[in-house]
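Here full-length UniProt numbering is used: position 72 in the sequence shown is 72, and no number is missing along the way.
Every residue gets a Cβ at the ideal spot worked out from N, C-alpha and C, and that includes glycine.
Structure, as structure tokens:
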Amino acid sequence: MAPSTYYDAKSRGPSARAQRDAELGPALVALWEDNYRVYGARKLWKTARRNGHDVGRDQVGRLMRAAGICGARRGKRVKTTKPDASAARHPIW
1 MAPSTYYDAK
11 SRGPSARAQR
21 DAELGPALVA
31 LWEDNYRVYG
41 ARKLWKTARR
51 NGHDVGRDQV
61 GRLMRAAGIC
71 GARRGKRVKT
81 TKPDASAARH
91 PIW
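Laid out in structure tokens, this is it:
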């Protein structure tokens, strides 16, 4: 890489994307907290669009990961049977 290229890139300010992310990130976190911290990327994206933010679904997911937030996950499947420890195992061929 040429030294002029390096110093030109170093002297440049933040990109348009970085500036947009800096203003959208806190807004998305505020929306997420207003909705009881349960919204995932898709619902948060729809809510942000309703509130006037021009943002894409994948962009919301990326900003959520960067902010360390995630939607509520559903619980594990309930096991309805209890294995009998004294029962014989099924024979393998």
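Do residue i and residue j have their C-beta atoms closer together than 8 Å?
i, j, result
"residue 44", "residue 31", "yes"
"residue 41", "residue 64", "yes"
Could you check what DSSP says for residue i in three-state terms: helix, strand or coil?
i, result
"residue 3", "helix"
"residue 78", "coil"
"residue 12", "coil"
"residue 71", "coil"
"residue 25", "helix"
"residue 45", "helix"
Contact check, residue i vs residue j under 8 Å by CB: the rounded distance?
i, j, result
"residue 38", "residue 72", "4 Å"
"residue 55", "residue 48", "5 Å"
Which two residues bound the contiguous alpha helix (DSSP H) that contains residue i?
i, result
"residue 38", "That residue, residue 38, is in no alpha helix (DSSP H); it is neither H nor E in DSSP."
"residue 61", "57 to 67"
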